[in-house]
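Visitor:
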Amino acid sequence: MTTGVALALALVLVMTLGPHKDQESLPDSGPLPMAPRLPAPKDAGPTPTVPAPTAEQVAKQPWMHKLGPGEKPPQFVLFSFDGAVSKQHWDKVLPIAKEKKAHVTGLLSGVYMLAEQDNLLYQPPAGLKRGVSDISFGGTKQDITSRIGYLNQVIDDGHELGTHYNGHFCSGGTQPSVDKWDNAAWSQELDQFKQIVDKARAAGFKLADGAVRGGRTPCLEGNWDQAFPAMAAHGLVYDTSKVALGVQWPSVQNGLYEFPMPEVRVPALGKQVVMMDFNLWYSLNGAKEEPQRAPEFSQIVFDTYKSVHQAALNGNRAPLVIGNHFNEWNGSAFSNAMEQFLGYVCDKPETVCATYTEVIQWMQLQDPAVLDQFRRLPAARN
Numbered sequence: 000m001t002t003g004v005a006l007a008l009a010l011v012l013v014m015t016l017g018p019h020k021d022q023e024s025l026p027d028s029g030p031l032p033m034a035p036r037l038p039a040p041k042d043a044g045p046t047p048t049v050p051a052p053t054a055e056q057v058a059k060q061p062w063m064h065k066l067g068p069g070e071k072p073p074q075f076v077l078f079s080f081d082g083a084v085s086k087q088h089w090d091k092v093l094p095i096a097k098e099k100k101a102h103v104t105g106l107l108s109g110v111y112m113l114a115e116q117d118n119l120l121y122q123p124p125a126g127l128k129r130g131v132s133d134i135s136f137g138g139t140k141q142d143i144t145s146r147i148g149y150l151n152q153v154i155d156d157g158h159e160l161g162t163h164y165n166g167h168f169c170s171g172g173t174q175p176s177v178d179k180w181d182n183a184a185w186s187q188e189l190d191q192f193k194q195i196v197d198k199a200r201a202a203g204f205k206l207a208d209g210a211v212r213g214g215r216t217p218c219l220e221g222n223w224d225q226a227f228p229a230m231a232a233h234g235l236v237y238d239t240s241k242v243a244l245g246v247q248w249p250s251v252q253n254g255l256y257e258f259p260m261p262e263v264r265v266p267a268l269g270k271q272v273v274m275m276d277f278n279l280w281y282s283l284n285g286a287k288e289e290p291q292r293a294p295e296f297s298q299i300v301f302d303t304y305k306s307v308h309q310a311a312l313n314g315n316r317a318p319l320v321i322g323n324h325f326n327e328w329n330g331s332a333f334s335n336a337m338e339q340f341l342g343y344v345c346d347k348p349e350t351v352c353a354t355y356t357e358v359i360q361w362m363q364l365q366d367p368a369v370l371d372q373f374r375r376l377p378a379a380r381n
């Protein structure tokens, strides 16, 4: 597939998935189908830290301890959702997570916490016009009030909210896109995210100051040597945007933990794909709407998730990132597969479905030399 086709497809998605009457079901556009595996920044930087687990947390999470000699790490599974504001999807995810004692991470698009009439409060960086967003805004003021209510339930249930930044300016849409942003542009975008969240907090949003510790960039794009230092300077401790071949342990890059998206084999297709819902959809039928094939696609994606989990569990035990959007693409085939896998995997032996912060807390308890040994293990390949 040529770059031109990829960019055209991304632009089509931005337009066709633009403002909907039901703002709560609005998904972000997906990443480019063939997201590049870019080299790590040259400078590892200091290892970031998060608050240590509380005594109550440790009591509820017996896996939250330093490994003994010869003890294997848990097989962490990190469910993460870009956009993260759809009530209809949270209403499905939260009961499954509660039953399975799982925690997940929503990566919040800041503009979804601004009412359409307040769009001019958002000033995008890099010379972009005030009030512009490639994924619209959050609907009415009543929509925002409702959204604060159900996202507070997400927080109360112990799940994490990170950032998906704001206007979602990918290379197929409004220019200059995030892959061209410099450090100052990323800093401005993070400042804008904080201002939007602060405004929502004043209206009752329970997302504590400092609770946003990481995120995923729009379309997995960015100049990391520019982006990562800005993120670290704004208090972020992890990113989960880059792509790695197979499942690999997070490493520190420019002062952030990078939890890479794995590129894996789809057994039904016999080819490698970045394991995110949109990328999987593109690999299946070019991201065309064929809802009659939803059961087939759901089964293929569910089987892929299972095979990758088994490879990691039997291999290097690196945290497995499940990247998803709250969407109804192709008859909800990909959301259905994610929900099925959430219910399937989270109470499997030696498996823990956790947030990024919880995994970092666990890593902080370990001997750094042991973590280095894990990072030197071959990537888990299904």
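One point on numbering: in numbering that gives the first Met the number 0, the residue at position 289 of the sequence shown is 288, and numbering is uninterrupted.
C-beta atoms are modelled at their ideal positions from N, C-alpha and C, and glycine is treated no differently.
Nothing here was measured: the structure is a model prediction, and the numbers come from that model.
Could you confirm whether any beta carbon from chain D is found closer than 9 Å to the beta carbon of residue 147?
Guide: No chain D is present in this structure, which holds just one protein chain.
Visitor: Indicate the three-state DSSP secondary structure (helix, strand or coil) for residue 252 in the structure shown.
Guide: Within the sequence shown, the letter at position 253 stands for residue 252. Here residue 252 sits in strand by DSSP.
Visitor: Starting from residue 320, follow the beta strand (DSSP E) in both directions and report where the run begins and ends.
Guide: For the purposes of this step, residue 320 is identified with residue 321 of the sequence shown, where counting begins at 1. First-last of the beta strand (DSSP E) with residue 320: 319 to 324.
Visitor: Report all residues from its chain with a CB closer than 8 Å to the CB of residue 232; omit the five preceding and five following residues, and keep chain order.
Guide: Taking the first residue of the sequence shown as 1, we reach residue 232 at position 233. The answer, listed in chain order, is 186.
Visitor: Hey, is the segment 201 to 213 in contact with the segment 139 to 155, meaning 3+ C-beta pairs nearer than 8 Å?
Guide: Judged by Cβ distances under 8 Å, the segment 201 to 213 makes contact with the segment 139 to 155, as three or more pairs qualify.
Visitor: Would you list, in sequence order, the uninterrupted beta strand (DSSP E) runs of no fewer than 3 residues that lie entirely inside the segment 228 to 294?
Guide: As far as the segment 228 to 294 is concerned, its whole beta strand (DSSP E) runs of at least 3 residues are 242 to 244, 250 to 252, 255 to 257, 260 to 265 and 270 to 273.
Visitor: Alpha carbon to alpha carbon, how far is residue 362 from residue 196?
Guide: Residue numbering aside, residue 362 sits at position 363 when the sequence shown is read from its first letter. Residue numbering aside, residue 196 sits at position 197 when the sequence shown is read from its first letter. Rounded to the nearest angstrom, the two C-alpha atoms are 28 Å apart.
Visitor: Could you check which residue in 264, 219 and 82 has the C-alpha nearest to that of residue 411?
Guide: In the structure as shown, the chain starts at 0 and stops at 381, and residue 411 therefore has no counterpart that could be examined.
Visitor: Can you tell me whether residue 158 is buried or exposed, with buried defined as 16 or more other CB within 10 angstroms of its CB?
Guide: The residue labelled residue 158 in the question sits at position 159 within the sequence shown. Buried, since its Cβ has 16 or more Cβ neighbours within 10 Å.
Visitor: Let me know the secondary structure DSSP gives residue 218 once reduced to three states.
Guide: Residue 218 sits at position 219 when you count from the first residue of the sequence shown. Three-state DSSP puts residue 218 in a helix.
Visitor: Less than 6 Å between C-beta atoms, sequence neighbours within five positions excluded: which residues of the same chain meet that for residue 241?
Guide: Position 242 of the sequence shown, counted from the start, is the residue given in the question as residue 241. Excluding sequence neighbours, residue 241 sits near 257 and 259.
Visitor: Let me know the secondary structure DSSP gives residue 334 once reduced to three states.
Guide: Here residue 334 is taken as the residue at index 335 of the sequence shown, counted from 1. In the structure shown, residue 334 sits in a helix (DSSP, three-state: H, G or I).
Visitor: CA-CA distance, residue 118 and residue 376?
Guide: The sequence position of residue 118 within the sequence shown is 119, counting from 1. The sequence position of residue 376 within the sequence shown is 377, counting from 1. Cα to Cα, the separation comes out at about 48 Å.
Visitor: Assuming residue 105 contacts residue 83 under a Cβ cut-off of 8 Å, what Cβ separation, rounded to an integer in Å, is found between them?
Guide: Working through the sequence shown from its first residue, we reach residue 105 at position 106. Working through the sequence shown from its first residue, we reach residue 83 at position 84. Residue 105 to residue 83, Cβ: 3 Å. Contact.
Visitor: Do you know offhand how far residue 155's Cα is from residue 101's?
Guide: Counting from 1 along the sequence shown, the entry for residue 155 is found at position 156. Counting from 1 along the sequence shown, the entry for residue 101 is found at position 102. Residue 155 and residue 101: Cα-Cα distance of roughly 13 Å.
Visitor: Ignoring anything shorter than 3 residues, give me the beta strand (DSSP E) runs that lie fully in the segment 45 to 93, in order along the chain.
Guide: Counting only runs of 3 or more, we get 74 to 82.
Visitor: Just to confirm, are residue 261 and residue 243 a CB contact at a threshold of 9 Å?
Guide: The residue given as residue 261 occupies position 262 in the sequence shown. The residue given as residue 243 occupies position 244 in the sequence shown. Yes, Cβ-Cβ distance for residue 261 and residue 243 is below 9 Å.
Visitor: For residue 71, which residues of its own chain have a beta-carbon under 8 Å away from its beta-carbon, when the five flanking residues on both sides are left out?
Guide: Taking the first residue of the sequence shown as 1, we reach residue 71 at position 72. Once the five neighbours on either side are set aside, the close Cβ partners of residue 71 are 316 and 349.
Visitor: From residue 279 to residue 168, what does the alpha carbon distance come to, in whole angstroms?
Guide: What you label residue 279 is simply residue 280 of the sequence shown in a count that begins at 1. What you label residue 168 is simply residue 169 of the sequence shown in a count that begins at 1. Cα to Cα, the separation comes out at about 22 Å.
Visitor: Is residue 45 near residue 251, with beta carbons less than 9 Å apart?
Guide: Within the sequence shown, numbered from 1, the residue matching residue 45 stands at position 46. Within the sequence shown, numbered from 1, the residue matching residue 251 stands at position 252. Contact: yes.
Visitor: Assuming residue 325 and residue 334 make a contact with CB atoms under 8 Å, what is their CB distance in whole Å?
Guide: Your numbering for residue 325 matches position 326 in the sequence shown. Your numbering for residue 334 matches position 335 in the sequence shown. Contact holds; Cβ gap of about 7 Å.
Visitor: If I measure Cβ to Cβ from residue 323 and keep anything under 8 Å in the same chain, skipping five residues before and after, which residues do I get?
Guide: Here residue 323 corresponds to residue number 324 of the sequence shown, with the count starting at 1. Contacts found: 78, 79, 80, 81, 275, 276, 333, 334 and 337.
Visitor: Just reading off the alpha helix (DSSP H) that residue 369 is part of, what are its end residues?
Guide: Reading the sequence shown from its first residue, position 370 is the one you call residue 369. Run containing residue 369: 367 to 375, per the alpha helix (DSSP H) assignment.
Visitor: Do you know how far the Cα of residue 139 is from the Cα of residue 43?
Guide: For the purposes of this step, residue 43 is identified with residue 44 of the sequence shown, where counting begins at 1. For the purposes of this step, residue 139 is identified with residue 140 of the sequence shown, where counting begins at 1. Roughly 43 Å separates the two Cα atoms.
Visitor: When you compare the CB positions of residue 166 and residue 120, do they come within less than 9 Å of one another, or not?
Guide: Working through the sequence shown from its first residue, we reach residue 166 at position 167. Working through the sequence shown from its first residue, we reach residue 120 at position 121. Going by C-beta atoms, residue 166 is not nearer than 9 Å to residue 120.
Visitor: Going by C-alpha to C-alpha distance, which of 351, 287, 367 and 364 sits closest to residue 331?
Guide: As a working note, residue 331 is residue 332 in the sequence shown. Nearest C-alpha to residue 331: 287.
Visitor: Tell me where the alpha helix (DSSP H) around residue 162 begins and ends.
Guide: As a position in the sequence shown, residue 162 is number 163, starting the count at 1. That residue, residue 162, is in no alpha helix (DSSP H); its beta strand (DSSP E) goes 159 to 162.
Visitor: Is DSSP giving residue 351 helix, strand or coil here?
Guide: Reading the sequence shown from its first residue, position 352 is the one you call residue 351. Looking at residue 351 - three-state DSSP - the assignment turns out to be strand.
Visitor: Go through its chain and collect everything with a Cβ distance to residue 57's Cβ below 7 Å, but skip five positions before and after it.
Guide: Locating residue 57 in the sequence shown gives position 58, where the first residue counts as 1. Taken in chain order, the residues that qualify are 63.
Visitor: Can you name, in chain order, every residue of its own chain whose Cβ lies under 6 Å from the Cβ of residue 381, other than the five neighbours on each side?
Guide: Within the sequence shown, numbered from 1, the residue matching residue 381 stands at position 382. The residues are 263, 264, 306, 307 and 310.
Visitor: Is residue 353 buried or exposed, if buried means 16 or more other CB atoms sit within 10 Å of its CB?
Guide: Here residue 353 refers to the residue found at position 354 when the sequence shown is read from its first residue. The residue in question, residue 353, is buried, as its Cβ has 16 or more Cβ neighbours within 10 Å.
Visitor: Note down, in chain order, each residue of its chain lying with its Cβ closer than 8 Å to the Cβ of residue 370, except the 5 sequence neighbours on either side.
Guide: Here residue 370 corresponds to residue number 371 of the sequence shown, with the count starting at 1. Cβ within range, chain order: 248 and 362.
Visitor: Compare the C-alpha of residue 209 against each of 289, 223, 193 and 66 and name the closest.
Guide: To locate residue 209, count along the sequence shown from 1; it is residue 210. Checking every option, the nearest Cα to that of residue 209 belongs to 193.
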